[in-house]
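Peer 1:
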Amino acid sequence: MIELTNAMLPVIQMVRDTADIGRQVRAHRKKQGLRIDDAAALNGVSVDLLSRLENGAGGVRTDKLLAVLDGLGLALIIAPKDHDFLKNLPRDNV
595 MIELTNAMLP
605 VIQMVRDTAD
615 IGRQVRAHRK
625 KQGLRIDDAA
635 ALNGVSVDLL
645 SRLENGAGGV
655 RTDKLLAVLD
665 GLGLALIIAP
675 KDHDFLKNLP
685 RDNV
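The opening position of the sequence shown corresponds to residue 595 in the numbering used here, with each subsequent residue numbered one higher.
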């Protein structure tokens with residue numbers, strides 16, 4: 595198992611709801627210079643699905659969410675809320 599420190603990682607954002615996920619997906623897509631239709635095509639999902647995901651509408655299947663995250667170079671990390679790593683994140687991210 596690899597132990598990570600805050601200095602080794604990019605900015606980590608705590609996700610509390612689907613709107614948080616959507617904001618992160620949209621920001622990362624735009625950072626890559628991708629239009630929504632191009633990102634949808636690259637990830638094998640419809641523009642409607644990607645739009646709903648980015649707008650935090652919910653109702654997006656987990657497999658589609660994971661495909662979009664992977665296609666945009668993002669990762670989903672699940673950790674206990676009380677894990678020391680999360681306790682050490684800057685307060686505005688927790």
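For glycine and all other residues, C-beta sits at the position ideal for the given N, C-alpha and C.
#1: Please list, in chain order, all residues of the same chain as Arg646 whose beta carbon is under 7 Å from its beta carbon, the five residues on each side excluded.
#2: Which residues mark the beginning and the end of the alpha helix (DSSP H) in which Ile630 is found?
#3: Quick one: what's got a C-beta closer than 8 Å to Leu636's C-beta in the same chain, skipping five residues either side?
#4: Whole angstroms are fine: how far does the CA of Asp676 sit from the CA of Lys625?
#5: If the criterion is Cβ atoms closer than 9 Å, does the pair Ala621 and Val639 meet it?
#6: Where Ala669 and Gly616 are concerned, what is the direct C-alpha to C-alpha distance, given to the nearest angstrom?
Peer 2: For this structure:
#1: Gly653 and Val654
#2: Ile630 to Asn637
#3: Leu628 and Gly665
#4: 31 Å
#5: No, they are not a contact pair.
#6: 14 Å
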